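Numbering of the sequence shown is given in my numbering, commencing with residue -18 and proceeding in unit increments.
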Amino acid sequence: MGSGSQPLFLSLILTNLVGLTIAQPDLLFNSCTETSNYTSNSTYQTNLNTLLSSLSSDTDKYGFYSSSVGENSDRVNAIVLCRGDIQLETCRSCINNATSKLIQVCPNQKEAIGWYELCMLRYSNNYINGTVTDNPPFFQPNQNYVKNTSLEQFNNDLRTLLDRLRSQASSGDLRRKFAAGNTTAPEFKTIYGLEQCTPDLSEQQCGDCLTKAIEAIPSFCAGKQGGRFATPSCNFRFETYSFFNEIPADSPPPLSPPAGPAQPHVRPEAKNQRKRDNTTRTIIIIVVSIISFMIVLTVCIYIFLRKRKEGKPKKNVELCKDMDEISTVESLQYDFDTISVATNNFSDANKLGQGGFGVVYWGRLPNRQEIAVKRLSSDSGQGELEFKNEVMLVAKLQHRNLVRLLGFCLEGIERILIYEFVTNSSLDNFIFNPINRAQLDWDMRYKIIRGISRGLLYLHEDSRLRIIHRDLKASNVLLDAQMNPKISDFGMARLFVLDETQGNTSRIVGTYGYMAPEYAMHGQFSVKSDVFSFGVLVLEIVSGQKNNCFQNGDNVEDLLSYAWKTWREGTISNLIDPALRDGSGSIREIMRCIHIGLLCAQENVVVRPTMASVVVMLNSFSLTLSLPLEPTSFPLSTINSEIPLLQENNYVVSEFSQSKSKSTHMSVNEASITELYPR
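In structure tokens:
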């Protein structure tokens, strides 16, 4: 044993001798990162032992401590966090248990984390103080369910409680970010909850971390009476019984002012004089404020009456008066002749494709930059200034998994959008092409799935605008030279005047088979509409099969129905693309993606996960997924009875029939209609 490990060894021996008669708590969850290991008697191990041996004694009564030992690649960083309602002795005992247990279960990993009921220990060779991470997550659902008759009210009461606690916890100071409380619930129950962040986070970081954690509730404990969810940066728990101390540990006192020179003694006469001076000053400030207010009010009334006499002010329709906006518009606007030359006068030879909003051409600018040019249909109802401003909004949305809008061109009735050119065309040209699909091994498909999920999450939650794509499909996902996915045709709604409102529309535009049932049948859309489309797309990527009708023996089925049947019957391997059945892919990852796809494609909007939850599911295999419910069965249309499901090099091309009603008009295979509104 190295000399550096002796202090830790002696400390652990003493701890065990003292606690022989005390039952040790269970380690609820641990994770050992396998990507970086250290060797016995190395400098890193010495530094780790040194750091762990001092953690419990250095932790103060607020239950948080972070420190580091070593330099460069041998530097060890550690964080301990105790639950905010426990006393210092209990906290230090829990940390002692954690330091001894974690090095046993993670004997040579440079990065590890362990959760007990009352504390968390994390160490890493990377800098971790003040950084937010949601990996790895730990969750534990209560096994009891809420009665269906009171589930909606229970969820509403729970959300109110968790929102309140999140606000309280995130507003804590650098010593503690913790909140606990309760609220009444249906069936004469009480919901108890607590939320906590590591106090090295800012208020914004803590709030965002807890928000994403709470959004995972439908994924791991939907309908349950309780559960806990923890990430290295934050955690929360709720139950229908009290599980935290009735009287939490003392809140941190106000921060002491910086030390300064001693204040001189002030005589009582001087104090009285200072008090009279303060009173006089206060009266003067009040009088001056009242007089100033009256002057301003008088001027405003005079201006109003004069304007009224002269007539109503003219409506200002110039939307780009601000100099910064004018500069931005000019930088985004391209000359029509430049675009015409770039596309060889919009030659058919340069044509890349056609969608519901216009034709797309390949082009090359004078600086040799390749571009994709979308020449919009002539039915845009916007004026020039309005169009410019809507383009400005969309152009500001930038993410590695979104196709970037470079600018626009206006001439007469022409409305042209200029995008970055994405080298490898669209996803459907790979997964539905018997030759090109051979280039997509499982690692590449999994990378594409995760990239699409991150792009959607950005549109739904992280961008300047909240965007619902409403036509997510394989042909609207482009692949760059490194096969990174880029979502296209988002942000188009503002460029066209449509008969719609924020929550529903009488003009259904999208691709049948990808549309969520509530949108296809009733025109109701939300971020969960995109989640449904994402689920269908995941199943297509895994199976290599379009979500349309095919002949499976004597039965006529669609992809969702077939996926559900194989899931229910335990024959899910029959759904996997034959190109992936040779063992080249991770069966565990493939099965998990099918599971996630079915969760996203559930008929009930409420039980579908958010994209934030989906991203967590795709990146953490320690998160147990809930069981999916049966997806919607779409009406079937014409089929090719000669083509069975998943035959090598054979793919059906039939589409679902167009569904129409007197109240709803559906347009098949049109570009996306996006709902944009500021956050």
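Cβ coordinates follow ideal geometry from the N, Cα and C atoms, glycine included.
Just so it is clear, the structure is predicted and the values come from calculations on it, not from any experiment.
Taking a cut-off of 8 angstroms on C-beta distances, the region 444 to 460 touches the region 369 to 378, as three or more cross pairs fall below it. For G334, same chain residues with a beta-carbon under 7 angstroms away, outside a window of 5 residues either side, are V341 in chain order. Within the DSSP secondary-structure output, S105 pairs in a beta bridge with N58. The region 312 to 325 and the region 383 to 403 touch, with no fewer than 3 CB-CB distances between them shorter than 8 angstroms. Note that the C-beta distance between V517 and L541 is below 8 angstroms. By the criterion of at least three beta-carbon pairs nearer than 8 angstroms, the region 171 to 183 is in contact with the region 141 to 153. For T192, there is no enclosing beta strand (DSSP E); the residue is found in the alpha helix (DSSP H) stretching over E184 to I195.
Looking at the backbone, the Cα of E538 and that of A93 are separated by about 47 angstroms.
With 16 or more other Cβ atoms inside 10 Å of its own Cβ, D470 counts as buried.
As for any alpha helix (DSSP H) of minimum length 4 sitting wholly inside the region 409 to 435, the runs are 409 to 412, ordered along the chain. Annotation for E15: the continuous beta strand (DSSP E) segment containing it runs F10 to N18.
Excluding its 5 nearest sequence neighbours in each direction, R209 has C-beta neighbours in its own chain below 6 angstroms: Q121 and R218, listed in chain order. Ranked by Cα distance from D424, the first of E133, R569 and E499 is R569. Counting of Cβ neighbours within 10 angstroms places G111 among the exposed residues, the total staying below 16. Closest in C-alpha terms to G188, from the list Q206, R349, A160 and G204, comes A160. Counting only runs of 3 or more residues that sit fully inside the region 513 to 588, the beta strand (DSSP E) segments are 531 to 533 and 536 to 538, in chain order.
For R218, DSSP records a beta bridge to L175 and R209. Per DSSP, reduced to three states, the secondary structure at I448 is strand. Scanning G65, E499 and D422 for the CA closest to the CA of R451 turns up E499. Uninterrupted alpha helix (DSSP H) stretches at least 4 residues long and entirely within the region 35 to 97 occur at 69 to 86, given in chain order. Closest in alpha carbon position to I320, among F338, R345, H441 and N457, is R345. Per DSSP, the unbroken beta strand (DSSP E) holding Y342 starts and ends at G339 to R345. A distance below 8 angstroms separates the beta carbons of T40 and I76. A Cβ-Cβ distance of about 4 angstroms is found for the pair C13 and Q90, placing them in contact under the 8 angstroms criterion. If you ignore the 5 residues before and after K193, its C-beta comes within less than 7 angstroms of the C-beta of D115 and A593, all in its own chain and listed in chain order. The beta-carbon separation of P466 and G494, rounded to 20 angstroms, does not stay under the 8 angstroms limit for a contact. Between the C-alpha atoms of D7 and N30 there is a straight-line separation of about 22 angstroms. Per the C-alpha coordinates, the member of T164, F285 and I109 positioned closest to S48 is I109. Look at A150 here: in three-state DSSP terms it is helix. L383 is not a Cβ neighbour of I282, given a cutoff of 8 angstroms. Taking C-alpha positions only, L580 is separated from Y25 by approximately 43 angstroms. A455 places its beta carbon less than 8 angstroms from that of S407. If you ignore the 5 residues before and after I195, its C-beta comes within less than 6 angstroms of the C-beta of L143, all in its own chain and listed in chain order. According to the DSSP secondary-structure assignment, P117 is paired through a beta bridge with no residue. With a 10 Å radius around the Cβ and a threshold of 16 neighbouring Cβ atoms, Y222 comes out exposed.
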